[in-house]
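See below for the structure under consideration.
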Amino acid sequence: MNVKGGDVTGLRKIGIFLLTLKGPISGEVFKSLSEKEQEKVLVEIASPNPIAPEERSQVLDEFMHNLQSAGAYASGGMDEAQDLLQSAFGSLRAAETMTAKLESTLENKPFGMFNDADPAEIYQFLVAESPQTIALVLSNIVPDKAGEVLQRFQSRMRSQIAGKIATMEAMSPEAVQEVENVSVSRFKGSSGQAQKPTDGADILAKMLNKFGNKEDADGVIESMQQKHPEVANKIREGMFTFDDIVLIDKMEFRNEIVRLPSLSEHLATALKGAGEDVQSMFFDNMTEKQSSRLRSNLSEMGSIKASAVNEAQKAILEEVRELEESGKITISRDEEEVFE
29 MNVKGGDVTG
39 LRKIGIFLLT
49 LKGPISGEVF
59 KSLSEKEQEK
69 VLVEIASPNP
79 IAPEERSQVL
89 DEFMHNLQSA
99 GAYASGGMDE
109 AQDLLQSAFG
119 SLRAAETMTA
129 KLESTLENKP
139 FGMFNDADPA
149 EIYQFLVAES
159 PQTIALVLSN
169 IVPDKAGEVL
179 QRFQSRMRSQ
189 IAGKIATMEA
199 MSPEAVQEVE
209 NVSVSRFKGS
219 SGQAQKPTDG
229 ADILAKMLNK
239 FGNKEDADGV
249 IESMQQKHPE
259 VANKIREGMF
269 TFDDIVLIDK
279 MEFRNEIVRL
289 PSLSEHLATA
299 LKGAGEDVQS
309 MFFDNMTEKQ
319 SSRLRSNLSE
329 MGSIKASAVN
339 EAQKAILEEV
349 RELEESGKIT
359 ISRDEEEVFE
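See the structure below:
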């Protein structure tokens, strides 16, 4: 399948086609594209332009006549783009990394001028603003920097800001523009474009992961627990993903993780969507017999839906979090991630 540069209609057709296929099949098709083609198609998939039923029918007629009876038309969006990435690359971490690159390519986000500013300078600029305004700014800059800024606020103010971030809803372009205009006098490079915030709990989880002090992060979550327990639980889930298992001390991993009750039922499925480093972590810390059996199970498994992989990983992570809360394992979140 060839994507011609500048052929927007062609890119959109391919995007609609992949969204219709979904799952492993769309991932295989996506992998057959060149890197440049993949980037162009992803930008088209993730764009907010809705896909009309007429467009979908036209694409199905052109690409595969026998798919005219397919289900409801795809809606697109960043979540759909990340599902496609995870299916194609097999790792949630790889999908998240590619999605982050995609977001920066897709549009010049509001408050982009803050991404090049020093956290201390950003804090000084925001310190007198309302929690709502601060939340809007922090939710639109890179999580690493936003986390550094958030941690500079006093505990009470930090909790208020976190609450606004975690429960934030889409804002009108006018409201975003109004807040941006306040920033122009001290920070240049304003994009003037509006953006619908991504999931607030996910944004806050990424910020808290960058806190150097775990107690500070726990304090923010505890304050959320009182008013928004469901959101607090979602933040906890977002702070530790299945790929983060490699951050656990190897001795503790060998003594605690490989003995988790959930592994017998869920491990093989969970590893289908994990990176090689996570798979190696299990293989290297199991007995030879356990490792051999697991490799055999993985090789015999066919295609697995992303939703099944996510559920399996979630079941294991629930037990991992219990071990961390009880102090039986330590997760080294303070080290900077290195991607090779």
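Just so we're aligned, residue 29 is where the sequence shown starts under our numbering, counting upward by one. Note that the Cβ used here is the ideal one computed from N, Cα and C, for glycine as well.
query	result
Can you find the residues in the same chain that come closer than 7 angstroms, C-beta to C-beta, to Lys192, ignoring five residues on each side of it along the sequence?	Pro159, Gln160, Ala163
The alpha helix (DSSP H) with Ala145 in it runs from where to where?	Looking at the DSSP string, Ala145 is not in any alpha helix (DSSP H), and its letter there is neither H nor E.
How many Å lie between Val36 and Val71 at the Cα?	Caution is warranted here: a pLDDT of 38 is assigned to Val36, below 50, making its placement in the model unreliable, and the coordinate value is therefore given only provisionally. Roughly 11 angstroms between the two C-alpha positions.
My understanding is that Ala245 touches Leu236, with C-beta atoms under 8 angstroms, so please give their C-beta distance in whole angstroms.	4 angstroms
Who are the Cβ neighbours of Leu288 in its own chain at under 7 angstroms, not counting the five residues just before and after it?	Ile344, Glu347
Can the beta-carbon of Ser167 be found less than 7 angstroms from the beta-carbon of Ser251?	no
With a cut-off of 8 angstroms on the beta carbons, I'd call Gln341 and Ala296 a contact; round off their distance for me.	At roughly 12 angstroms, the Cβ-Cβ gap does not stay under 8 angstroms, so Gln341 and Ala296 are not in contact.
Let me know if Pro171 comes out buried or exposed under the rule of 16 or more other beta-carbons within 10 Å of its beta-carbon.	buried
State the Cα-Cα distance for the pair Leu154 and Ala233, rounded to the nearest angstrom.	21 angstroms
Cα-Cα, which of Glu316, Glu339, Arg282, Glu65 is closest to Lys300?	Glu339
May I ask you to report which of helix, strand or coil DSSP gives Val31?	With a pLDDT of 41 at Val31, under the threshold of 50, the predicted position of this residue should be treated as unreliable, though the coordinate-derived value follows. Coil.
For Ile150, which residues of its own chain have a beta-carbon under 6 angstroms away from its beta-carbon, when the five flanking residues on both sides are left out?	Phe142, Val177
State the DSSP-derived secondary structure class of Ile357, mapped to helix, strand or coil.	coil
Buried or exposed for Lys68, going by 16 or more other Cβ atoms inside 10 Å?	buried
Per DSSP, what kind of secondary structure is Ile276 in: helix, strand or coil?	strand
Just checking Asp312 against the ligand ZN - is the residue's beta carbon closer than 6 angstroms to any of the ligand's heavy atoms?	In the structure shown, the ligand ZN is absent, as is every other ligand, since no ligand is present at all.
Kindly confirm or deny that the segment 274-282 and the segment 304-312 touch, where touching means at least three C-beta pairs closer than 8 angstroms.	yes
Buried or exposed: which applies to Arg5, given that a residue is buried once 16 or more other Cβ atoms fall within 10 Å of its Cβ?	The displayed coordinates of the chain run from 29 to 368. Any statement about residue 5 would go beyond what the structure contains.
Comparing alpha-carbon positions, which option in Glu157, Gly266, Arg282, Gly38 lies nearest Ser319?	Arg282
Within the same chain, show all residues whose beta-carbon is closer than 7 angstroms to that of Leu39, passing over the 5 residues directly before and after it, in chain order.	Val31, Lys68, Val69, Glu72
Straight-line CA distance for Ala148 to Phe181?	11 angstroms
Which two residues bound the contiguous alpha helix (DSSP H) that contains Arg180?	Counting along the chain, Arg180 falls outside any alpha helix (DSSP H), and DSSP gives it neither H nor E.
Let me confirm a value: Met314 is counted as buried when at least 16 other C-beta atoms fall within 10 Å, else exposed. Which label applies?	buried
Does DSSP put Ser158 in a helix, a strand or coil?	coil
Excluding the five sequence neighbours on either side, which residues of its own chain have a C-beta within less than 6 angstroms of the C-beta of Arg349, listed in chain order?	none
Following the continuous alpha helix (DSSP H) through Met309, name the residue where it begins and the one where it ends.	304-313
Between Ser60, Ser183, Met279, Val165, which lies nearest to Ile357 when the distance is taken from Cα to Cα?	Met279
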